[in-house]
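Below is one structure, written out as structure tokens; comments come after it.
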Amino acid sequence: MVRSLLLSCLSLPWVLGLSEPQDLSHSYDNTTLYWAFSTPFSFTKVVTAPLDQWYAANEFQTAEHGGTHLDAPYHFNYNGWQVGDIPLHRLIGRAVLLDLRQKASNDSDYLVSVEDFEDWEEQQGPIPDGAVIIMDFGWASKYKNASEYFGTPFTNNTELYHFPGLSEAGAQWLVDTGKVFGVGTDTASIDYGQSKDFKAHKVLSAHNIYNLEHLALPPTPLPP
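Residue numbers (mature numbering (1 follows the signal peptide of the UniProt record, and there is no 0)): -17 to -1, 1 to 207.
Okay, structure coming up:
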């Protein structure tokens, strides 16, 4: 029997004109996807006993970089914020959602460019202060199929990964706005699958911008 544990939820109600919070997290269970050679999720029921009253205690273990999670800037910046250092107000931001599904369907190695952000601003106005950028590649629908999600059946071989991500120039453009708190994606990494040097991670983390990865975006695109 699958034991699942929900660890992460990104709620974007008023920002996107939604009537209630939107859960953008995948549950943690024995199907959770991880970066190559990571320790998978495990859940142990320690005790469930009807003593004088009901009592339950459990244990779980998981690698950091799997399932829906936050990358602290420290991930690629020795002097960057660790999770506990991120100011609370920076975890509550205004969502900016880019619908990149068509571009990603045409090119699984698509890199989000400066032009993509400029096009968004042309249609929606300037990126707001305290923005959390969300890149919707349509990849969340592949999450239950690891081969499709990572672009290869050999999921422990990162050289074979194929999924879209953020370009170095796009990351620098976001930094230069001075308005961005975080960047999220529905893929395994904000850098594209074929990246060998994780330039987008490095550019953002150098400025204490966090990442949200493996977001469970809905089949119908959220408002921009």
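Note that CB positions come from ideal geometry on N, CA and C, so glycine has one too.
Out of the options, which has the shortest C-alpha to C-alpha gap to residue i?
i, options, result
"F133", "P109, F100, T170 and K162", "T170"
"T27", "F43, T15, W37 and W18", "F43"
"L149", "A46, H184, G50 and W122", "H184"
"E101", "D90, T160, P202 and E142", "T160"
"D82", "F181, G167 and A40", "G167"
"R84", "W122, K162, I110 and N62", "W122"
"D99", "D112, G113 and I117", "I117"
"L53", "T141, H9 and Q5", "H9"
How would you label residue i, buried or exposed, when you count the other beta carbons within 10 angstroms and need 16 or more for buried?
i, result
"V(-16)", "Summary for V(-16): the model assigns pLDDT 36, below 50, so the residue's position carries little reliability; its value from the coordinates is reported in the next sentence. Label assigned to V(-16): exposed."
"T22", "exposed"
"V30", "exposed"
"L71", "exposed"
"A199", "buried"
"N194", "buried"
"A40", "exposed"
"D180", "exposed"
"D174", "buried"
Spatial neighbours of residue i within its chain, please: C-beta separation below 6 Å, excluding the five flanking residues on both sides.
i, result
"Y38", "A32"
"V97", "A152, G153 and W156"
"T15", "F24, G49 and G50"
"P207", "L80 and Q107"
"A115", "Contrary to the premise, residue 115 reads as Val rather than Ala in this sequence. If we look at V115 and ignore the five residues flanking it on each side, its Cβ neighbours are G76, A78, F164 and G165."
"Q65", "A55 and Y57"
"Y93", "K86, A87 and P147"
"I110", "V79, T160 and K162"
When you compare the CB positions of residue i and residue j, do they come within less than 9 Å of one another, or not?
i, j, result
"G176", "V95", "no"
"F20", "N191", "no"
"S124", "P202", "yes"
"P204", "D68", "no"
In the DSSP assignment, what are the bridge partners of residue i?
i, result
"K28", "N41"
"L149", "V95"
"T101", "In the sequence as displayed, the identity of residue 101 is Glu instead of Thr. Looking at the DSSP assignment, E101 forms no beta bridge with any residue, so it has no partner."
"P33", "W37"
"R84", "Partner(s): none; R84 has no beta bridge."
Go through its chain and collect everything with a Cβ distance to residue i's Cβ below 7 Å, but skip five positions before and after it.
i, result
"S172", "G148 and E196"
"P136", "S130"
"S188", "P56, H58, F59, N60 and G63"
Does at least one heavy atom of the ligand GDP sit under 8 Å from the Cβ of residue i?
i, result
"L16", "In the structure shown, the ligand GDP is absent, as is every other ligand, since no ligand is present at all."
Considering only residues of the same chain and omitting the five flanking positions on each side of residue i, which have a CB-CB separation below 8 Å?
i, result
"D112", "R77 and K162"
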